[in-house]
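Before any comments, here is the structure.
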Ligand SMILES: Nc1ncnc2c1ncn2[C@@H]1O[C@H](COP(=O)(O)OP(=O)(O)OP(=O)(O)O)[C@@H](O)[C@H]1O
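In my numbering, the protein residues as written are -16 to 251.
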């Protein structure tokens, strides 16, 4: 358990203890990563290319094994929760089935759990409504814009009603306006569903706008070098993007990120 600023306690949802990841070709993707994340946090993993952000996310999801150390999610070793449906994963590409409708794409995780179309309809409709795509259930991915395809991908991650949403640079390929809009939509989902979110990004601006905490990582070997808590009581609005507080926080995080370039471990 960790103590929140107002004195209440929230359980640690994720606990990473001294985690290493060494790939079979000898690459040390992560060394000694320790991190606790409380239920309800919005945490960004920010760092240069190759610092192990995606690797850390995939290990938390149980998609990759750890080489050393341990990761628990909700008290279970990563990847060993009862049915895996308490984690939603959104990749950089929307990775939709081009031959299937929006409805069928979002239905997929429930189908894999044995839920037929009729039984799943309410849940799929709910997920599509969450991302504003109720009118596109019968459309095909090729008929949608890049932003809409990413919304389908988010609906597919949310259809199992996960507690934890893992997002791996989901908006990197989108234009600035669509990206800002989707940032706001993810924040709204985070708040309304009491989610815990881990969001991988290269963007200082995006991490500061979204997060309650920015974990700055360095490469060679991948590791955590800064853990920066951010104020969450300031509403994330268009005004906030223009504020001096936002500019100053971006500068602080940017300086921390620039510092990662000098944090090369010469023993590696
Ligand atoms: N399957 C793999 N086999 C071997 N090496 C890998 C594998 N996956 C990742 N790596 C290496 O591990 C390191 C960390 O990779 P990772 O993709 O986690 O970094 P990242 O911070 O997410 O990078 P980016 O921001 O460019 O996506 C890199 O050096 C990468 O080349």
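Here a beta-carbon is modelled for each residue, glycine too, at the ideal position from N, C-alpha and C.
Predicted model only: the values in this text are computed from it and were never measured.
Can you list, in chain order, the residues of its chain with a C-beta nearer than 6 angstroms to that of residue i? Leave out the 5 residues immediately preceding and following it.
{"i": "residue 117", "result": "111"}
{"i": "residue 134", "result": "114 and 116"}
{"i": "residue 0", "result": "17, 52 and 53"}
{"i": "residue 11", "result": "5 and 204"}
{"i": "residue 150", "result": "73 and 182"}
{"i": "residue 81", "result": "124"}
{"i": "residue 156", "result": "none"}
{"i": "residue -9", "result": "Here residue -9 scores only 46 on pLDDT, less than 50, and its place in the model is too uncertain to base an answer on."}
{"i": "residue 170", "result": "219"}
Would you kindly report the start and end of the unbroken beta strand (DSSP E) that includes residue i?
{"i": "residue 196", "result": "196 to 201"}
{"i": "residue 15", "result": "11 to 21"}
{"i": "residue 232", "result": "Where residue 232 is concerned, there is no enclosing beta strand (DSSP E), although the alpha helix (DSSP H) it sits in stretches over 227 to 242."}
{"i": "residue 185", "result": "Here residue 185 belongs to no beta strand (DSSP E), and DSSP marks it neither H nor E."}
{"i": "residue 29", "result": "25 to 29"}
{"i": "residue 257", "result": "In the structure as shown, the chain starts at -16 and stops at 251, and residue 257 therefore has no counterpart that could be examined."}
{"i": "residue 69", "result": "Here residue 69 belongs to no beta strand (DSSP E), and DSSP marks it neither H nor E."}
{"i": "residue 0", "result": "-5 to 5"}
{"i": "residue 56", "result": "51 to 56"}
Do residue j and residue i come within 8 angstroms of each other at the CB atom, strictly closer than that value?
{"i": "residue 31", "j": "residue 239", "result": "no"}
{"i": "residue 193", "j": "residue 25", "result": "yes"}
{"i": "residue 15", "j": "residue 206", "result": "yes"}
{"i": "residue 200", "j": "residue 36", "result": "yes"}
{"i": "residue 196", "j": "residue 210", "result": "yes"}
{"i": "residue 179", "j": "residue -4", "result": "yes"}
{"i": "residue -2", "j": "residue 27", "result": "no"}
{"i": "residue 56", "j": "residue 147", "result": "yes"}
{"i": "residue 87", "j": "residue 145", "result": "no"}
{"i": "residue -6", "j": "residue 21", "result": "yes"}
{"i": "residue 85", "j": "residue 122", "result": "yes"}
{"i": "residue 77", "j": "residue 132", "result": "yes"}
{"i": "residue 23", "j": "residue 177", "result": "yes"}
{"i": "residue 103", "j": "residue 93", "result": "yes"}
{"i": "residue 152", "j": "residue 75", "result": "yes"}
{"i": "residue 136", "j": "residue 47", "result": "no"}
Does the Cβ of residue i have 16 or more other Cβ atoms within 10 Å, making it buried, or fewer, making it exposed?
{"i": "residue 8", "result": "exposed"}
{"i": "residue 217", "result": "exposed"}
{"i": "residue 125", "result": "exposed"}
{"i": "residue 139", "result": "buried"}
{"i": "residue 282", "result": "Beyond the ends of the chain as shown, which are -16 and 251, falls residue 282; an answer cannot be given."}
{"i": "residue 232", "result": "buried"}
{"i": "residue 143", "result": "buried"}
{"i": "residue -15", "result": "Here residue -15 scores only 40 on pLDDT, less than 50, and its place in the model should not be relied on; the value that follows carries that caveat. Residue -15 comes out exposed."}
{"i": "residue 254", "result": "Beyond the ends of the chain as shown, which are -16 and 251, falls residue 254; an answer cannot be given."}
{"i": "residue 105", "result": "exposed"}
{"i": "residue 244", "result": "exposed"}
{"i": "residue 41", "result": "buried"}
{"i": "residue 265", "result": "Any answer about residue 265 is impossible in this case: the structure gives the chain only from -16 up to 251."}
Give me, in chain order, the residues of the same chain whose beta-carbon lies closer than 8 angstroms to that of residue i; leave out the 5 immediate sequence neighbours on both sides.
{"i": "residue 108", "result": "117 and 120"}
{"i": "residue 164", "result": "130"}
{"i": "residue 252", "result": "Within the shown structure, residues of the chain are numbered from -16 to 251, placing residue 252 beyond reach of any answer."}
{"i": "residue 63", "result": "45"}
{"i": "residue 173", "result": "25, 148 and 180"}
{"i": "residue 213", "result": "191, 194, 195, 196, 197 and 232"}
{"i": "residue 234", "result": "none"}
Start and end of the alpha helix (DSSP H) containing residue i?
{"i": "residue 86", "result": "85 to 95"}
{"i": "residue 38", "result": "36 to 44"}
{"i": "residue 101", "result": "100 to 113"}
{"i": "residue 175", "result": "159 to 176"}
{"i": "residue 144", "result": "Where residue 144 is concerned, there is no enclosing alpha helix (DSSP H), given that its DSSP letter is neither H nor E."}
If you drop the 5 nearest sequence neighbours on each side, which residues of the same chain put their C-beta closer than 7 angstroms to that of residue i?
{"i": "residue 99", "result": "none"}
{"i": "residue 39", "result": "13, 16 and 28"}
{"i": "residue 162", "result": "154"}
{"i": "residue 227", "result": "none"}
Does at least one heavy atom of ligand 3 sit under 7 angstroms from the Cβ of residue i?
{"i": "residue 185", "result": "The model on display carries ligand 1 but not ligand 3."}
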